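K.L.:
Before I ask anything, let me first share the structure, which is written out below as structure tokens.
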Amino acid sequence: MKKLLFPILALVVALTLIACNKNDDTNETSQQDPSEYDRKLVKFPDNYDKGVNYATVNRGNVREEAYTSREAIEAVQNGQPIPSGTVITLEIYEDEELSEIFLMEKRDGWGDQNPPDTPRNGDWLYQEFNGDRSVDYEEDIGRCFTCHANQERDDFVNTLDEMKSYELTGSKDSSTESRFAGIPMEGWEVNAIGDNHEIIDDEKKGEMIQNTLLTFYFHREKN
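Below, the structure is given as structure tokens:
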């Protein structure tokens, strides 16, 4: 009986060790960042700071600068959905030193790429970069989904009101249209004033300004 007891005990110990090792492997897998794959989808955008700097937010010693495309702002101001492909970039400065760059990007179908156990934020995914533009893997991206989920009515964008109120300047064809009156400038010539130019009094200036404004007005009415 004793001869059988030792082999049985050895078998039990071996099976227990195998089971423990399997549990350890399972725990290690479950503790891996579930959003690692999703974070690779959102890449750092080139020339984002050439877009529209539509908002500045100050919080104590922290300053945030928000950038996006002109097309995105025009869509919002026209009551249209923010288009697929839109990138919103937030520079975060602490004591005037760039410390983080937060990024959110919208792509059709990206809502299916959410990390597990996070609320769906439409088709937006998020990324956090360090000041040197390297990915900040220590940041819990799941918090971004939770935070922005509260802004569902604003397409999950915290600064949608700033996008609506931002005043876009210029035109897509600024070379042929006046920024101020919307009057075509084609065919206009600008002549330099010579040394013997006439000095006009205030009354004559007023007449010239009035005539010019009337010309602008009738030109617009005609068009």
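For the sequence shown, my numbering assigns the number 1007 to the initial residue and increments by one for each residue that follows.
Using N, Cα and C, we set each Cβ at its ideal position, and we do this for glycine too.
No experiment lies behind these values; they were computed from the predicted model shown.
Under 7 angstroms, do Asn1067 and Asp1101 count as touching if we go by C-beta distance?
P.N.:
When the beta-carbon positions are compared, Asn1067 and Asp1101 come within less than 7 angstroms of each other.
K.L.:
Among the candidates Met1110, Arg1139, Glu1168 and Ile1098, whose CA atom is the shortest distance from the CA of Ser1090?
P.N.:
Out of Met1110, Arg1139, Glu1168 and Ile1098, Met1110 has the C-alpha closest to the C-alpha of Ser1090.
K.L.:
Going by beta carbon distance, what residues of the same chain come within less than 6 angstroms of Ala1061, once the five residues before and after it are set aside?
P.N.:
Only Ala1072, Thr1165 and Glu1168 meet the Cβ criterion.
K.L.:
DSSP state of Thr1032, grouped into three classes?
P.N.:
With a pLDDT of 39 at Thr1032, under the threshold of 50, the modelled position of this residue cannot be trusted, and the question is left open.
K.L.:
When the Cα atoms are used, what is the spatial distance from Ile1099 to Met1214?
P.N.:
A small correction: the amino acid at residue 1099 is Tyr; Ile does not occupy that position in the sequence shown. Between Tyr1099 and Met1214, the C-alpha separation is close to 51 angstroms.
K.L.:
Give the DSSP bridge partners of Leu1096, in chain order.
P.N.:
Ala1072 and Phe1108
K.L.:
May I ask which residues mark the beginning and end of the alpha helix (DSSP H) holding Thr1152?
P.N.:
Gly1148 to His1154
K.L.:
Expressed to the nearest angstrom, what Euclidean distance is found between the alpha-carbon atoms of Arg1076 and Asp1052?
P.N.:
15 angstroms
K.L.:
Given a cut-off of 7 angstroms, decide if Ala1155 and Asn1127 are closer than it, judged by their beta-carbon atoms.
P.N.:
yes
K.L.:
So, at 6 angstroms on beta carbons, what are the nonlocal neighbours of Leu1096 in its own chain, with the 5 sequence-adjacent residues on each side left out?
P.N.:
If we look at Leu1096 and ignore the five residues flanking it on each side, its Cβ neighbours are Glu1070, Ala1072 and Phe1108.
K.L.:
Buried or exposed for Gly1057, please, with buried defined as at least 16 other CB atoms from any protein chain shown within 10 angstroms of its CB.
P.N.:
buried
K.L.:
Nearest by alpha-carbon distance to Asp1146: which of Arg1159, Asp1123, Gln1157 and Glu1158 is it?
P.N.:
Asp1123
K.L.:
When DSSP builds the beta bridges, which residues end up paired with Leu1131?
P.N.:
Glu1111
K.L.:
Mind checking who Val1063 pairs with in its DSSP beta bridge?
P.N.:
Glu1070
K.L.:
Between which residues of its own chain and Asp1161 is the CB-CB distance below 6 angstroms, once the five residues before and five after are set aside?
P.N.:
Ile1088
K.L.:
Go ahead and pull the three-state DSSP assignment for Asn1217.
P.N.:
helix
K.L.:
In or out: Lys1112 buried (at least 16 other Cβ within 10 Å) or exposed?
P.N.:
buried
K.L.:
Just to confirm before moving on: does the CB-CB distance between Ile1079 and Tyr1172 stay below 7 angstroms?
P.N.:
yes
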